[in-house]
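Undergrad: I have a structure here, written as structure tokens, and I will follow up with some questions on it.
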Amino acid sequence: MNTPRERLRASVPDLRVLRDDGHLCTLLGRAAPGAVAPLLPALTGLLVVGTLLAAVRGELAGITLFAPVAALLLSGPSSGHPHDGRFDRLVPLVLRATEYGYLAVLGLASGVPGPLVFVLLVVVACHHRDGVCRPAVGVARPAWVRRAALGWDGRMLVLAVGGAFGALTPAYGVLAAYLAVLLVREAVRSWSATPVTEVRTTVAPPCPGGGDGPEEPVTPPHGHTDGGRPAAGTNGEA
């Protein structure tokens, strides 16, 4: 029988999956697998991106739109690391904070409508939450879905390219719509593929002769008796 610690480890997703790396970052990680510790490059990228955004108040233009992406790609070579260090669990949080900050500050400072920026942030956050919650119930997203979501580096590059061509607002809208469709499609597919099982609870009758019953009797759900029939005092009055 698995111990509680082993069951907990089985339900915790791989930190490398929680990084949500895109194609470019994954490629950099293959160049030096396991050779670079992940936390320091991620913190360096966060510091550089925050400094760049603060220096120009988020009003990036032209080639400077790609500077934050290039800075955060410093964590690319560490994507192949097993992330087994004591503080490596912080790496996904640092990458999330950097990405969210870039999306929010760039959009609001460049005149992108606030509701559109908010929608994109919500969709990206739902995408990340989906990746965290599924392992807790023993389900993992297909690899192609993770790749199709572009990763943090791919999403930031899409916005940088849109801004460089003077189409930042359309880039926000297209990216938000694309990710929303991908998220809803995968959710519907998962729900449709999940078998629905009927949970039945039975209460063992008392043993003949006054003997003791089960040590831990099963209590029916609130408002129901055995077989799923409404109990007295509920909508189906006895």
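Numbering (our numbering), first residue to last: 239 to 476. Glycine included, C-beta positions come from ideal geometry on N, C-alpha and C. Values in this document were obtained by computation on a predicted structure and should not be read as measured data.
Along the chain, where does the alpha helix (DSSP H) that runs through P306 open and close?
TA: Start and end: 305-310.
Undergrad: What is the residue span of the alpha helix (DSSP H) that D391 lies within?
TA: Looking at the DSSP string, the run of the alpha helix (DSSP H) that includes D391 is 389-402.
Undergrad: Which residue's Cα is closest to the Cα of L310: D326, A293, Y340, A292?
TA: Of D326, A293, Y340, A292, the residue nearest in Cα terms is Y340.
Undergrad: If you follow the alpha helix (DSSP H) that A418 is in, where does it begin and where does it stop?
TA: Note, A418: alpha helix (DSSP H), 406-431.
Undergrad: Considering only their Cβ atoms, is the gap separating G283 from L388 smaller than 8 Å?
TA: Not in contact: L388 and G283 (Cβ atoms no closer than 8 Å).
Undergrad: For T336, count neighbouring Cβ atoms within 10 angstroms of its own Cβ and tell me buried if that reaches 16, exposed if not.
TA: Burial call: buried.
Undergrad: So, using beta-carbon positions, are H366 and L421 closer together than 8 Å?
TA: Not in contact: H366 and L421 (Cβ atoms no closer than 8 Å).
Undergrad: Terminal residues of the continuous alpha helix (DSSP H) containing V329?
TA: Where V329 is concerned, the enclosing alpha helix (DSSP H) stretches over 329-347.
Undergrad: Quick one: what's got a C-beta closer than 6 Å to S313's C-beta in the same chain, skipping five residues either side?
TA: Cβ neighbours of S313 beyond the five flanking positions: P279, A280, G283.
Undergrad: For S348, which residues from the same chain have a beta carbon less than 6 Å from its beta carbon, with the 5 sequence-adjacent residues on both sides left out?
TA: If we look at S348 and ignore the five residues flanking it on each side, its Cβ neighbours are L406.
Undergrad: Do G318 and G267 count as a contact pair if the criterion is CB distance below 8 Å?
TA: Yes. Within cutoff.
Undergrad: Evaluate S430 with the Cβ neighbour count: other Cβ atoms within 10 Å of its Cβ, from every protein chain shown; 16 or more gives buried, anything less gives exposed.
TA: So S430 counts as exposed.
Undergrad: Where do the N-terminal and C-terminal ends of the alpha helix (DSSP H) with D252 fall, by residue?
TA: No alpha helix (DSSP H) holds D252; DSSP gives it neither H nor E.
Undergrad: In chain order, what residues of the same chain have a beta carbon less than 7 Å from the beta carbon of L358, not counting five sequence neighbours either side?
TA: So the list reads L341, Y410, L413, A414, once near-sequence residues are dropped.
Undergrad: Are there 16 or more other CB atoms within 10 angstroms of the CB of P271, so buried, or fewer, so exposed?
TA: It is exposed - the Cβ of P271 has fewer than 16 other Cβ atoms within 10 Å.
Undergrad: What separation, rounded to the nearest whole angstrom, lies between the Cα atoms of V426 and V419?
TA: Their backbone Cα atoms lie some 11 Å apart in a straight line.
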